[in-house]
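Asks: Take a look at the following structure, please.
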Amino acid sequence: MRASRHAIARGGGIPFQDGPVPPGFVKLDQFLKFQGLAATGGEAKLRIQRGDVRVNGVIETRRGRQLAPGDAVGIDGRELLVMPGPPSR
3 MRASRHAIAR
13 GGGIPFQDGP
23 VPPGFVKLDQ
33 FLKFQGLAAT
43 GGEAKLRIQR
53 GDVRVNGVIE
63 TRRGRQLAPG
73 DAVGIDGREL
83 LVMPGPPSR
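In the working numbering, the protein residues as written are 3 to 91.
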């Protein structure tokens, strides 16, 4: 996971890290796997269902939640900002 920016998250004092995603929308469970925050889809599903994950500061329990560039995903005391990835060819 690359950390190209170390700004402080909104009010929480938690460092932001950029999380680039493929073009278009991406599901929350896919984002966790893509960013290396879950080793498997099953782990991502469990962490989401347990309420371990926040999207834009709100606990999210839907693994199919569509993320868009600009959304903030919080897990394990950090927050990742969903960033657009390189355009597809």
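All C-beta atoms in this analysis are idealised placements derived from N, C-alpha and C, irrespective of residue type, glycine included. A quick note: this is a predicted structure, and the numbers were derived from the prediction, not measured.
1. Under 9 Å, do residue 78 and residue 39 count as touching if we go by C-beta distance?
2. Hey, how far is the Cα of residue 80 from the Cα of residue 68?
3. According to DSSP, residue 29 sits in a beta bridge with which residue or residues?
4. In or out: residue 75 buried (at least 16 other Cβ within 10 Å) or exposed?
5. Under DSSP, the beta strand (DSSP E) around residue 83 begins and ends at which residues?
6. Which residues in the same chain have their Cβ closer than 8 Å to the Cβ of residue 66, if we skip the five residues on either side of it in sequence?
7. For residue 42, which residues from the same chain have a beta carbon less than 8 Å from its beta carbon, with the 5 sequence-adjacent residues on both sides left out?
8. Can you tell me whether DSSP reads residue 74 as helix, strand or coil?
Replies: Well, looking at it:
1. yes
2. 20 Å
3. 68, per the DSSP bridge assignment.
4. The residue in question, residue 75, is buried, as its Cβ has 16 or more Cβ neighbours within 10 Å.
5. 80–86
6. 29, 30, 31
7. 35
8. Note: residue 74 maps to strand in three-state DSSP.
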